[in-house]
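*Asks:*
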Amino acid sequence: MRIQTPARLHLGFIDPFGKFGRAYGSIGVAINFPSWIIDVDESSDLVVEGGTSEVSEKIRRIVDKAEEILGRRISLHVRILSSIPLHKGLGSGTQLSLAISEAILKISGFPYDREDVVKLSGRGKRSGIGISAYFDGGFVLDVGKRVGRDDYPLTLFRLDFPRDWLFLVVLPEVDLNVHGDLEEEKLKNIRDVNVFEISYLILMGLLPSLIERDIKLFGNYLTLIQRKVGEMFAPSQGGIFAHEICERLVSFMLKEGAYGAGQSSWGPVVYCLVEDGEQAAKLKREVDAFMLSNNIRGRSWLTSASPRGREMS
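Under the working numbering, the letters of the sequence shown match residues -13 to 299, in that order.
1) For residue 176, which of 141, -10, 3 and 273 has the nearest alpha-carbon?
2) Hey, residue 108 and residue 51 are a contact pair by Cβ (cut 8 Å); roughly how many whole angstroms apart?
3) Among the residues of its own chain, which have a CB less than 6 Å from the CB of residue 262, if the five just before and after it don't count?
4) List, from N- to C-terminal side, the beta strand (DSSP E) runs of 3 residues or more that fit wholly inside the region 1 to 82.
5) Pick out whichever of 186, 236, 182 and 147 has its Cα sitting closest to the Cα of residue 290.
6) Quick one: Cα of residue 205 to Cα of residue 40, how far?
7) Whole angstroms is fine: what's the gap from residue 134's alpha carbon to residue 272's?
8) Go ahead and pull the three-state DSSP assignment for residue 234.
9) Hey, could you find the ends of the alpha helix (DSSP H) residue 217 is sitting in?
10) Please determine, among 254, 256 and 239, the residue with the shortest C-alpha to C-alpha distance to residue 267.
11) Span of the beta strand (DSSP E) holding residue 122?
12) In terms of alpha-carbon separation, which member of 285, 242 and 279 lies closest to residue 256?
13) Does DSSP classify residue 277 as helix, strand or coil?
14) CB residue 358 to CB residue 197, shorter than 7 Å?
15) If you draw a straight line from the alpha carbon of residue 11 to that of residue 185, how long is it in whole angstroms?
16) Which ranges does the beta strand (DSSP E) cover as unbroken runs of at least 3 residues, wholly within the region 92 to 145, from first to last along the chain?
17) Does the beta-carbon distance from residue 211 to residue 79 come in below 7 Å?
18) For a test of the three-state rule: what should DSSP assign to residue 291, helix, strand or coil?
19) Between the Cα of residue 234 and those of 276, 25, -7 and 93, spot the shortest distance and give me the residue it belongs to.
20) Taking one C-beta from the region 66 to 78 and one from the region 98 to 106 each time, how about it: are there three or more such pairs within less than 8 Å?
21) For residue -13, name the three-state secondary structure that DSSP assigns.
22) If you compare alpha carbons, which of 288, 0 and -7 is closest to residue 112?
23) So what's residue 191 in DSSP terms, helix, strand or just coil?
24) Per DSSP, residue 298 is paired with what?
25) Using DSSP with H/G/I as helix, E/B as strand and the rest coil, what is residue 271?
26) Please state if the CB of residue 49 and the CB of residue 60 are separated by a distance shorter than 7 Å.
27) Going by DSSP in three states, residue 179 sits in which element: helix, strand or coil?
28) List the residues that DSSP assigns as beta-bridge partners of residue 158.
29) Under DSSP, the beta strand (DSSP E) around residue 257 begins and ends at which residues?
30) Quick one: is residue 218 buried, meaning 16 or more other Cβ sit within 10 Å of its Cβ, or exposed?
31) In this structure, does DSSP put residue 244 in helix, strand or coil?
32) CB residue 21 to CB residue 68, shorter than 7 Å?
33) For residue 270, does the count of other Cβ atoms within 10 angstroms reach 16, so buried, or fall short, so exposed?
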């Protein structure tokens, strides 16, 4: 069987503090590129081809956990045909974990639903964006989960993104690698901010402008929200952005006419919102030239939002 998953841009948390009964809550969008494309078949032993050693080890841990939960030996031949870079802010780990977990359930012949896949994958401890991106694609608002309850983030709103709105995604070669224990530690050092303000900007600004297909207004609200979220995480990441290169890139993209811009998750991926056509192509050329002239190593690409989740064949 073959599974192809989208990546995702995480556009910010709403309330990681959980003072009012629900913790976290977040906004994000599934994107078409990059993607995991993975072939999975039954085998006499676990074999992983085509991925890095870290990807192979991650798949082995997923299989080990599945064997423990399902109470049976699992042998797969996994071929990585295309990958999403790990620990860069694109939700790679969640998509990989969900894809391998679903492949295990399907190949093993177990009847299952999405909750079974999520449980087996161990994802969804804080944000529900990756889970929704995997199953449904689109733009997503989740409202976190109830404090003290061991359930999964609740998706409150999901909408297809306009096809002619594109993201220019930039991945600078900045080694941050925020995940696992380091991520847990950083989350202890976030700043208490006015979560009502972030909630208002989403409810009365971002969502209506998306429904009304007003790219300028949507971009303005997105940039505002990203700065508010950046202020929240400033003590743990050293500023509104994870690295000064990320900040320089976002500032440049906004100066050159992007409708909105920000950092995805812990970075180093940054992005901006543009319209399909000449604006998108021109801004990509300008960003590439800016990186070259400022000795910023990395790469950029244009991608649309994904209107669907994983595809299986």
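Each residue gets a CB set at the ideal place from its N, CA and C atoms; glycine is no exception.
*Replies:* This is what the structure holds:
1) 3
2) 7 Å
3) For residue 262, where only same-chain residues beyond five positions count, the Cβ hits under 6 Å are 150 and 152.
4) 8 to 28, 33 to 35 and 62 to 68
5) 147
6) Between residue 205 and residue 40, the C-alpha separation is close to 36 Å.
7) 48 Å
8) helix
9) 201 to 223
10) When each option's Cα is compared against that of residue 267, the closest is 239.
11) It is not in any beta strand (DSSP E) - residue 122 carries neither H nor E in the DSSP assignment.
12) 285
13) helix
14) Beyond the ends of the chain as shown, which are -13 and 299, falls residue 358; an answer cannot be given.
15) 10 Å
16) 125 to 128 and 141 to 145
17) no
18) strand
19) 276
20) no
21) In the structure shown, residue -13 falls within a coil segment according to DSSP collapsed to helix, strand and coil.
22) 0
23) helix
24) -11
25) helix
26) yes
27) coil
28) 284
29) 256 to 261
30) Buried is the call here.
31) coil
32) Contact flag set, yes.
33) buried
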